[in-house]
Structures are given as C-alpha cells and as structure tokens.
Amino acid sequence: MVHDLKLPVSEELLYFMRGLSSYLATGHLLACIWFITSETGFHQYGTSWLATSGMLTYISDKSTVVEHTGRMLSQSATSFSLESVSLMRKYLRSLLFSTECISTLFYGDILSMNPLELVAEIVITFWSIYIYGALVGAQAELLDARAKREAKFEQRMGELHHYVLQNDVPKTLRRQIKAYYARLWVRGRGESEFFSVEKVSCVLYEDVVSTTLRHFAAQVKAFRGLEEHFLRALLVCLHMYFIAQGRILVKTDASGVTRERGEYFGELSLLYGISRLETCVALTVTELYRLDHEPYERLLLEYPEYRARNKLAWTTFAEADRAVPQLPSRLQRTLASRPSIAKVVPPTAENMESRLQFSFVLKSSMKMMANLQSLHPLEAKDLILKCRDGARKHLLRCVTPVSSNRQSERSQSSKPPKEETYENDQK
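Sequential numbering from 1 applies to the sequence shown in the UniProt record's numbering.
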C-alpha cells in the first residue's frame, strides 16, 4: 500500500513498523484470550481478577471495613455486575497483562483467581517466553552482524593507517583517505551498495537496482530519452561517470567546466574507446556511478539500436535558455531581431570553453561520427581533437566582431557630439 500510494517512506522504517506491528498484534491476541478466559471463569466460578477491587473499579465491603488494605479479593457474582464496566477498560487491563508477560516485567498485580484462569496464565506465560526470546534473539543477531561489520571495517582502517604512517604519506592525502572511508561507511557500512542482493536471480536483481536508482536516473539528462527496458538493463551495468552528488571540475588545456548533480563526464571514452582527453577533479565530496565499456558493449548486443542513438544524445547538448546580459543598445536590437538567437548568450573569451559543447561545428561533427558504423579509437581521438579545434576557431571568429564593435562604441562615446560643437561655434 505504501508503494502504491508513493509515500516518501524508507525501507528501514517499513521493516521496523512491520516488526513492531507483529508484536502489537501478538499482544492484542494474548489480551483477547486472557479477557475471554477470565470472563468465562468469572461466570462459571464466581471469582476472577475482573471482580477484584482496584482492577476495574473499587468494590467496598459493607460487612467488614479494612482500613489498611486498598484492594480486596473477589466478590460474588450477585454483589458485582461486570456489565457495568466499559469494554475498553476491560481490554486495557487485559492488554497490560499481555504486555507484562511479553516484556517479562510481570509485577503480580493481575493474578489468576480460578482454575480456568490458572491454565490460561500458564499457556500465556510460555507463549510470552517464546515471543520475548525471538525478540531478543533477533536484536542480538542484528547487533552481532553490525559489530562484525564494524570490526572488519576498523581492521581495514587500522591496516591502512599503519601503511600511511610507514610510507610518510602527506597529511593532505591522509585527510582525503580518511574522508573517503568515512563517506564509504556512512553510505553502505563499508560494503557495496547492492552486496546483499548480488546472489538473487537476474530479474529480481534488476528490479531491486532499478527501484533503488529510480530517483538518480530521473536526474541524469542522458537517461531521460531512454526506453524503460533499456534503462532497466543499463542501471545494472553502472559500476562514462554519472554524478549522484557533488561537483566535478572537468579541465582541458585551455580552461575547465564544472559538472554537477545529474550530469556526466567521460562519455567519449565509453562510446569510442579512446583515452581520456580531460582531467577531472572533485571540488566537493562526490558520489559517482561508473559505467564500464565491456558491460555496455554486452548490453548493446541486445539493444543495437541504442548505439548510434546514445552516441548522438550523450555527446551533443541542446542550448539551454539563458538570460541575455546587459549589452549595448545596438547589439540588443540586433539580437532581438533574430528570434533564433534571441535567448542565446553570445560567445566571449571568458565563456568560450564552456560554450564549446554547444557549438554548431562540434555538434555537426559528433552527429557525423555517431552515424559511422565503425571507427578506430585512434582515428576517433584525432577526429575529435580536430573538431574541437575547428569549433574553437569558429567561436574565436564570433568573439572578434563583438569585441571590435564594443571598442568602436566606446571610442564613439568618448568623442564629443558634433551637434553640440557646432552650436558652440555658432555662439
């Protein structure tokens, strides 16, 4: 029901609530058995804990008054009416008895007063011992497994710390290693994300992975155009790099571009098998999902139609709507007269490298390479480098006219107006 309603509830909370509800249901069942047995024994034997003074109501004895006793034994059925007490009050007293039995905190305030209640009390006590043992055993097993995992992780950390000190590793690198392992423990308690379900069937494993990574897949732009069956099989291969959290600086020889959550990098190495063309540095603590070349190629054997489609979709980017900065009035009128570039920021020397992926030259080259059936990695690398150089030169040509126009406008604004000078001469 929780998954059908799409409630934002974690699996750990569901397991806890399921276990708690099972114990509450068992306590409710024991309370009902105890109450039915006590009421039957009361009508049959005339005495019961239900009729004991102080249990459900205070019963005064007119024949003898005991001042030092706040509680009296059972009265006969003729002097006490059980129907006068509400059903909720009877149930709460019975639930208290079952809770005391399950938790072994039995204070002896509710006792059996007839043979039928005595037999029921013995049965409920043995049943409660089993329930309490199962509860304690489950918690002990959970704590033992957690302690073993912590001990194994601490042993690994101790060996790593000894190695770092023995080899005089710098403090900055030591802090990075410590932060990495701390993040590894917080995320998966030192184990891989899907370690617990690695031995299940392939279909069930795909179900678990696709369900767990559904929010991550919705954030990655490269996954939005994929069909459900291909995306389901692709998520299993995740070991290109997809950013789940954090920021990555992708540096080239000229400058760098920052990639954030939902973006990716290293797509050329995956799609064309070439060596890395950029240097990637994590700006913050970052979580990544890695997609290797071999499992991706095995997946394409089942879905060959995605080879050219992914090459085109993952290497070209659509121009996002951007706000136009404050430009000179003449340039603003020129841009406004062209609807196709009205929302595009003109390239400058500062943003040229970040706008390289939106260049028409590079997008056309990537489209041409995506349509090729086979391409050697060295040829692909050489072709990509040449396409980037050509796109960079094309953007430089676009930057130069803008810069010259700005300089001419500045020079014109620095000169005095001709009309004012003419008027002064006339005067």
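All residues carry an ideal CB built from backbone N, CA and C; glycine is no exception.
Worksheet item: Looking at the unbroken beta strand (DSSP E) that takes in residue 256, where does it start and where does it end?
Response: As a working mapping, residue 256 is identified with position 256 in the sequence shown. Start and end: 256-259.
Fill in: Cβ-Cβ distance between residue 461 and residue 211 below 8 Å
Only positions 1 to 427 of the chain appear in this structure, which leaves residue 461 out of reach.
Fill in: Counted within 10 angstroms of its Cβ, other Cβ atoms place residue 265 as buried (16 or more) or exposed
Position 265 of the sequence shown holds residue 265. Its Cβ being crowded by 16 or more others within 10 Å, residue 265 is buried.
Practice prompt. Determine the extent of the alpha helix (DSSP H) in which residue 281 is found, giving its start and end residues.
Written response: Stepping through the sequence shown from its first residue, residue 281 is reached at position 281. Note, residue 281: premise wrong, no alpha helix (DSSP H); beta strand (DSSP E) at 279-282.
Worksheet entry | Contact the stretch 310-319 vs the stretch 260-277: 3+ CB pairs below 8 Å | yes
Discussion item. Between residue 25 and residue 98, how many whole angstroms is the CB-CB distance? I'm expecting something under 8 Å.
Written reply: Translated into positions along the sequence shown, residue 25 becomes position 25. Translated into positions along the sequence shown, residue 98 becomes position 98. At roughly 11 Å, the Cβ-Cβ gap does not stay under 8 Å, so residue 25 and residue 98 are not in contact.
Discussion item. Let me check one thing: in DSSP terms, what residues is residue 265 bridge-paired to?
Written reply: Start at 1 with the first residue of the sequence shown, and residue 265 comes out as number 265. BP columns for residue 265 point to 241.
Worksheet entry | Buried versus exposed, by CB contacts within 10 Å (16 or more), residue 241 | As a position in the sequence shown, residue 241 is number 241, starting the count at 1. Buried: at least 16 other Cβ atoms inside 10 Å.
Worksheet item: Rounded to a whole number of angstroms, what is the C-alpha to C-alpha distance between residue 39 and residue 123?
Response: Position 39 of the sequence shown, counting from 1, holds the residue named residue 39. Position 123 of the sequence shown, counting from 1, holds the residue named residue 123. If I take the Cα positions, the gap works out to 17 Å.
Worksheet item: From residue 44 to residue 129, what distance separates their C-alpha atoms?
Response: As a position in the sequence shown, residue 44 is number 44, starting the count at 1. As a position in the sequence shown, residue 129 is number 129, starting the count at 1. Their Cα atoms are separated by approximately 29 Å.
Discussion item. Going by C-alpha to C-alpha distance, which of 284, 359, 366, 374 sits closest to residue 315?
Written reply: Working through the sequence shown from its first residue, we reach residue 315 at position 315. Nearest of 284, 359, 366, 374 to residue 315, Cα basis: 366.
Discussion item. Does residue 105 come out as helix, strand or coil in the three-state DSSP assignment?
Written reply: The residue labelled residue 105 in the question sits at position 105 within the sequence shown. Here residue 105 sits in coil by DSSP.
Worksheet item: If you draw a straight line from the alpha carbon of residue 284 to that of residue 102, how long is it in whole angstroms?
Response: For this step, residue 284 is matched to residue 284 along the sequence shown. For this step, residue 102 is matched to residue 102 along the sequence shown. Each residue's alpha carbon lies about 50 Å from the other.
Practice prompt. Specify, as a first and last residue, the run of the alpha helix (DSSP H) that residue 248 falls within.
Written response: Taking the first residue of the sequence shown as position 1, residue 248 is located at position 248. Careful: residue 248 lies outside any alpha helix (DSSP H), inside the beta strand (DSSP E) at 248-251.
Fill in: Sequence-distant residues of its chain with Cβ nearer than 6 Å to residue 281 (five each side left out)
In the sequence shown, the residue the question calls residue 281 occupies position 281. Hits under 6 Å: 249.
Item to complete: Would you be able to state if there are at least three C-beta pairs under 8 Å between the stretch 164-179 and the stretch 137-147?
Response: no
Item to complete: Assign residue 450 to one of three DSSP states: helix, strand, or coil.
Response: Any question about residue 450 goes unanswered here, given that the chain covers just 1 to 427.
Fill in: Supposed contact pair residue 105 and residue 112 - C-beta distance, whole angstroms, cut 8 Å
Counted from its first residue, the sequence shown places residue 112 at position 112. Counted from its first residue, the sequence shown places residue 105 at position 105. Not really, about 18 Å apart at Cβ, beyond 8 Å.
Discussion item. Less than 8 Å between the beta carbons of residue 116 and residue 85, yes or no?
Written reply: If you number the sequence shown from 1, residue 116 lands on position 116. If you number the sequence shown from 1, residue 85 lands on position 85. Contact flag unset, no.
Discussion item. Can you tell me whether residue 220 is buried or exposed? The criterion is at least 16 other CB atoms within 10 Å of its CB, across all chains shown.
Written reply: Sequence index remark: in the sequence shown, residue 220 carries index 220 (1-based). Counting Cβ neighbours within 10 Å, residue 220 comes out buried, since at least 16 surround it.
Discussion item. By the DSSP assignment, the alpha helix (DSSP H) with residue 221 in it spans what residues?
Written reply: The residue given as residue 221 occupies position 221 in the sequence shown. That residue, residue 221, is in no alpha helix (DSSP H); it is neither H nor E in DSSP.
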